[in-house]
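Below is one structure; the comments refer to it alone.
Protein chains in written order, with our numbering: chain A, -8 to 217; chain B, -8 to 217.
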């Protein structure tokens, strides 16, 4: 059956929506990487750039949201397209919060740069790369409607949690050694916690993708995640 | 114009949805209060009860989500009903995460109860009450479609943030005084951080209510919130 004019328009709208989501995803991925580099390289200018760039992420979130609403209102989709659109609505919220967490990391960088370095932060970039990879995979799974790929993201969360535990324990030793380390150590701990939460947001997205593809709700099979 | 049979059915479905959301809200409010009581009164049984009760919150989230999807698919609403339904979809995610944060508080309670008390936790219940009040007000604003009430919630977030700052600074002094306090102080700090994030979720809900009522998107007017 050939596509009607309306079908083609509708397809074009869905494609535009997918592109917007990927663009938003690329922006927040870059924000994570930049924010961590601002911590490790003690770079105030870079940190400020992440803070300034958040307006663009917010604009894209609102725009993508409105595009979803407009497609829902005009096309009144059912079945798998309805699931795709309602999941897109939820997913942009997760992406925007990942952007906010990158801003929080950049804020901690600005605080840490006012003090002497506590230690070389070798663990954070590794953890950040793992969390960032989860976000990318979750979005790729979304656009390619690939449930296996989404499940793979869920499996990686344990690694990110283990990195957090390792960094937290190492920081405890710095705090116990010397009271003057405590404040800085709590700042670094926050950074690691933000990365862990970015991994959790990637898992939220991945769970929604499994639901979208399989119609199977796998949320809440494991323990509470935040 | 008298209501048709279909109109009445539709109204009944929307009422059912509102009731589900209020029920979910009541459950997570009780979870916040219970989890904080478990910390303050050092009550393992209560903490375990919060952990066990999370399955009910999760079940209600999935059920409410499915109700939204089913109304969207069958009724194909437009304008303000469409906004109501898509916001309900996003809002249940916030409520479920507030439930998860209460579980996280209960987990910290179980850890803290294994050690001697660091100090009497007089600040946490006050902060918890403020955060819990924000959640209740945000939901009341949602069901009564009251934008002024929602804006009031946003104004209260500063107070919750100030409580966090106060508790954090007090904990720093305990950490600096005595290395053996450090681990417990970081646990208590986490509890305060979870409460702060509960306040942020209430703000997310409140912002969505303003959008629903006024059609005006007030997200991202201020700083990044997580």
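Even for Gly, the Cβ is constructed at its ideal location relative to N, Cα and C.
Look up residue i in the DSSP assignment and say whether it is helix, strand or coil.
i, result
"residue 108/B", "coil"
"residue 67/B", "coil"
"residue 156/B", "helix"
"residue 77/B", "helix"
"residue 206/A", "coil"
"residue 192/A", "helix"
"residue 34/B", "coil"
"residue 137/A", "coil"
"residue 90/B", "helix"
"residue 199/B", "helix"
"residue 216/A", "Residue placement at residue 216/A is flagged as unreliable, the pLDDT there being 42, under the threshold of 50; the coordinate-derived value follows with that caveat. Coil."
Along the chain, where does the alpha helix (DSSP H) containing residue i start, and where does it finish?
i, result
"residue 114/B", "114 to 134"
"residue 171/A", "That residue, residue 171/A, is in no alpha helix (DSSP H); it is neither H nor E in DSSP."
"residue -4/A", "-4 to 31"
Going by other Cβ atoms of all chains shown within 10 Å of its Cβ, with 16 needed for buried, is residue i buried or exposed?
i, result
"residue 2/A", "exposed"
"residue -5/A", "exposed"
"residue 0/B", "exposed"
"residue 198/A", "buried"
"residue 176/A", "buried"
"residue 57/B", "exposed"
"residue 85/A", "buried"
"residue 25/B", "buried"
"residue 97/A", "buried"
"residue 55/A", "buried"
"residue 191/B", "buried"
"residue -3/B", "exposed"
"residue 206/A", "exposed"
"residue 17/B", "exposed"
"residue 14/A", "exposed"
"residue 105/A", "exposed"
"residue 229/B", "What is shown of chain B runs -8 to 217, which leaves residue 229/B out entirely."
"residue 7/A", "exposed"
"residue 195/B", "buried"
"residue 141/A", "buried"
"residue 134/B", "exposed"
"residue 68/A", "buried"
"residue 204/A", "buried"
"residue 108/B", "exposed"
"residue 219/B", "Here chain B has residues from -8 to 217 only, and residue 219/B is not among them."
In chain E, which residues lie with their C-beta within 8 Å of the C-beta of residue i?
i, result
"residue 182/B", "The structure shown has no chain E; the protein chains it does contain are A and B."
Checklist entry - Can you list, in chain order, the residues of the region 194 to 213 of chain A whose Cβ is nearer than 7 Å to any Cβ on chain B? => result 208, 210 and 211
Next on the checklist: Closer than 7 Å between beta carbons: that is the criterion. Which residues of the region 154 to 180 of chain B meet it against chain A?
Outcome noted: 163, 166, 167, 170, 173 and 174
Checklist entry - Looking at chain B, which residues of the region 21 to 42 of chain A have a Cβ within less than 9 Å of any of its Cβ atoms? => result 42
Item to check | Where the region 50 to 64 of chain B meets chain A: residues whose CB sits under 9 Å from a CB there | outcome: 50, 52, 53, 56, 57, 59, 60, 63 and 64
Item to check | Where the region 74 to 85 of chain B meets chain A: residues whose CB sits under 8 Å from a CB there | outcome: 74, 77, 80, 81 and 84
Next on the checklist: Please list, in chain order, the residues of the region 112 to 126 of chain B that have any C-beta partner in chain A closer than 8 Å.
Outcome noted: Sequence-ordered contacts of the region 112 to 126 of chain B with chain A are nonexistent [C-beta pairs closer than 8 Å].
Item to check | chain A contacts from the region 136 to 153 of chain B (Cβ-Cβ distance under 7 Å) | outcome: none
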